[in-house]
Amino acid sequence: MPEKRIVLKNCQIIDPRDINTSLAHDGFKALDLALGMSPEDVIAEIKASGLRGRGGAGFPCGLKWELAREAPGDVKYLICNADEGDVGTFKDRYILQHDPFTLLEAMAIAAHAIGAKQAFIYLRLEYHYLLDELLDAINQVKAKGYLAHLEIEIREGAGAYVCGEESALMDSIEGKRGEARFKPPYPPSKGLWGKPTIINNVETLMNIPAIVLNGARWFNQIGTDKSKGTKVFSVSGDVDKPGVCEFVMGSRLKEIVVDWANARDIKMVQVGGTTGEIIPFSLIETPLTFETVLGSGAVTVFDNSRDILDIVSRTVEFLAEESCGKCNPCREGTEVMLEILERLADGDGQQEDIQTLEELSNVMALASLCGLGQAAAIPVMDTIKYYRNDYETRIQQSVLLRSLRGKRWQ
Ligand SMILES: Cc1cc2nc3c(=O)[nH]c(=O)nc-3n(C[C@H](O)[C@H](O)[C@H](O)COP(=O)(O)O)c2cc1C
Numbered sequence: 004m005p006e007k008r009i010v011l012k013n014c015q016i017i018d019p020r021d022i023n024t025s026l027a028h029d030g031f032k033a034l035d036l037a038l039g040m041s042p043e044d045v046i047a048e049i050k051a052s053g054l055r056g057r058g059g060a061g062f063p064c065g066l067k068w069e070l071a072r073e074a075p076g077d078v079k080y081l082i083c084n085a086d087e088g089d090v091g092t093f094k095d096r097y098i099l100q101h102d103p104f105t106l107l108e109a110m111a112i113a114a115h116a117i118g119a120k121q122a123f124i125y126l127r128l129e130y131h132y133l134l135d136e137l138l139d140a141i142n143q144v145k146a147k148g149y150l151a152h153l154e155i156e157i158r159e160g161a162g163a164y165v166c167g168e169e170s171a172l173m174d175s176i177e178g179k180r181g182e183a184r185f186k187p188p189y190p191p192s193k194g195l196w197g198k199p200t201i202i203n204n205v206e207t208l209m210n211i212p213a214i215v216l217n218g219a220r221w222f223n224q225i226g227t228d229k230s231k232g233t234k235v236f237s238v239s240g241d242v243d244k245p246g247v248c249e250f251v252m253g254s255r256l257k258e259i260v261v262d263w264a265n266a267r268d269i270k271m272v273q274v275g276g277t278t279g280e281i282i283p284f285s286l287i288e289t290p291l292t293f294e295t296v297l298g299s300g301a302v303t304v305f306d307n308s309r310d311i312l313d314i315v316s317r318t319v320e321f322l323a324e325e326s327c328g329k330c331n332p333c334r335e336g337t338e339v340m341l342e343i344l345e346r347l348a349d350g351d352g353q354q355e356d357i358q359t360l361e362e363l364s365n366v367m368a369l370a371s372l373c374g375l376g377q378a379a380a381i382p383v384m385d386t387i388k389y390y391r392n393d394y395e396t397r398i399q400q401s402v403l404l405r406s407l408r409g410k411r412w413q
């Protein structure tokens, strides 16, 4: 199936520095329509569309908005999550770079729906170079009179992966060190400065104007039963053509990595960033949906020259480094996991290592405070599942080597 562009419709079509080019491509028509509707009707439309969050968790967008709308209090906040700190994820950057106007239009619609007068874009620190262009885009939208009901501020991130997690992100905006909060309460009832808050990923928001313009039924007919619309993927690794593409939900992994990105000699693909699932080449026909595998849409290809233990220990090294340290299972668990994996990779494995990794992964999944610790062991467990032989061979070699060394010293 070829690409289908809803989210990226205007990317590389309009001039991201000139709002008039956006207006010439239906820009802000959806906002005009939405402002003529009641907030409840806008929410009903988004609910009926079946749109789910694209930041990784897949929570129904309209339902979340409804919770915030109905939460008591006059002060409500909207946050666009543009932190995008995970390895191999760069789709939101592409959107910010190529079509800031649709994002701002979407934020204006979302604010109208939930009743927010103040919104923030939480921009990844490493995307600082986009700041001036985004500020300029906000000023252009303001000058055209489209932000009469909303103030949009950009807050730069803290350079930490965990600050993309919604509760840590709010701590960061509040000026604190970004650490995951205990949940509940969830942000739609008690979020930024204790007020009802909606946090949506850049890509989630980008779907809103198209849904308002074309209707929920149109959107609802695209994709699969539980995964509606399209998904934007960041494709990287051992491919001829890395980049950003958009496919209908339910498209096969092969269509993206082989047909689109021209990967060859594939060993495995990690889908969903550092905590994403591992798909071996034998399962390359896997459909990409919320029910199967998706995450944030990072697709990282590893070819047959790659060493499993090297890949996994570098992944866990990143997660150990990025753990905020607030909860024990994640802070200690990622470190212990890394220590075992590095030992294994260095040829100093122990017979019980696989079992220890499995036990550790169960504890971390159950007891960690946020998705970082809960999902940190996924790549480890998946590679043990699909490439157990690689682990066992490394352990056997270590045991043999130690016994040979012991003999030499006798
Ligand atoms: C460690 C961690 C990092 C995350 N990073 C991001 C991120 O960079 N961008 C994002 O949109 N969501 C990220 N999320 C998910 C957010 O917590 C949240 O679910 C999302 O922003 C909600 O928006 P959505 O409903 O539109 O998907 C992260 C989650 C975790 C656990």
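Here my numbering = 1-based position in the sequence shown + 3.
Cβ coordinates follow ideal geometry from the N, Cα and C atoms, glycine included.
Since the structure is predicted, the reported quantities are computational estimates derived from the model, not experimental observations.
Item: Proximity below 8 Å, CB of residue 85 to CB of residue 132; Value: no
Item: Best match in 100, 234, 191 for proximity to residue 58 [C-alpha to C-alpha]; Value: 234
Item: CB contact flag (residue 319, residue 379, <8 Å); Value: yes
Item: Distance between residue 243 and residue 35 (C-alpha atoms, nearest Å); Value: 42 Å
Item: DSSP three-state assignment for residue 132, whether helix, strand or coil; Value: helix
Item: Closest by C-alpha distance to residue 98, when choosing among 381, 67, 12; Value: 12
Item: Beta strand (DSSP E) segment containing residue 222, residue limits; Value: Looking at the DSSP string, residue 222 is not in any beta strand (DSSP E); the run it does join, the alpha helix (DSSP H), is 219-223.
Item: First through last residue of the beta strand (DSSP E) which encompasses residue 273; Value: 269-274
Item: Neighbourhood of residue 338 by C-beta distance below 6 Å, restricted to the same chain and skipping five residues each side; Value: 323
Item: Burial state of residue 355 (16 or more Cβ within 10 Å); Value: exposed
Item: Residue range of the unbroken beta strand (DSSP E) whose run includes residue 234; Value: 233-240
Item: Continuous alpha helix (DSSP H) stretch holding residue 313: start and end; Value: 311-325
Item: Buried or exposed by the 16-neighbour rule on C-beta atoms within 10 Å, applied to residue 196; Value: exposed
Item: Boundaries (first-last residue) of the beta strand (DSSP E) holding residue 246; Value: 246-251
Item: Length of the line joining the Cα atoms of residue 210 and residue 385; Value: 32 Å
Item: Start-end ranges of the alpha helix (DSSP H) lying completely within the segment 39-63, minimum 4 residues; Value: 42-52
Item: Beta bridge counterpart(s) of residue 121 as assigned by DSSP; Value: 80, 154
Item: Contact under 8 Å by Cβ, residue 78 with residue 198; Value: yes
Item: heavy atom of ligand 1 below 7 Å from residue 124 C-beta; Value: no
Item: Collapsed DSSP secondary structure at residue 418 in the structure displayed; Value: A question about residue 418 goes unanswered here, because the residues of the chain that appear run from 4 up to 413.
Item: Spatial neighbours of residue 298 in its chain, beta-carbon cut-off 8 Å, leaving aside the 5 residues before and after; Value: 59, 274, 275, 276, 278, 279, 280
Item: Option in 270, 252, 291, 39 with minimal Cα separation from residue 307; Value: 270
Item: Selection from 315, 400, 246 that minimises the alpha carbon distance to residue 387; Value: 315
Item: Helix, strand or coil at residue 305 [DSSP, three-state]; Value: strand
Item: DSSP bridge partner residues for residue 103 (one or two, in chain order); Value: None, per the DSSP bridge assignment.
Item: Cβ neighbour criterion (16 or more within 10 Å) applied to residue 151; Value: exposed
Item: Bridge partners - residue 204, DSSP secondary structure assignment; Value: 84
Item: Element boundaries [alpha helix (DSSP H), containing residue 17]; Value: Premise fails: residue 17 is in no alpha helix (DSSP H) and is neither H nor E.
Item: Cβ distance (whole Å) where residue 72 is taken to contact residue 117 below 8 Å; Value: 5 Å
Item: For residue 405, the three-state DSSP class (helix, strand or coil); Value: helix
Item: Exposed unless 16 or more other CB atoms sit within 10 angstroms - verdict on residue 363; Value: buried
Item: Same chain, Cβ closer than 7 Å to residue 368, neighbours up to 5 away in sequence not counted; Value: 377, 380
Item: Distance cut-off 7 Å: residue 89 Cβ against heavy atoms of ligand 1; Value: yes
Item: Sequence-distant residues of its chain with Cβ nearer than 7 Å to residue 400 (five each side left out); Value: 350
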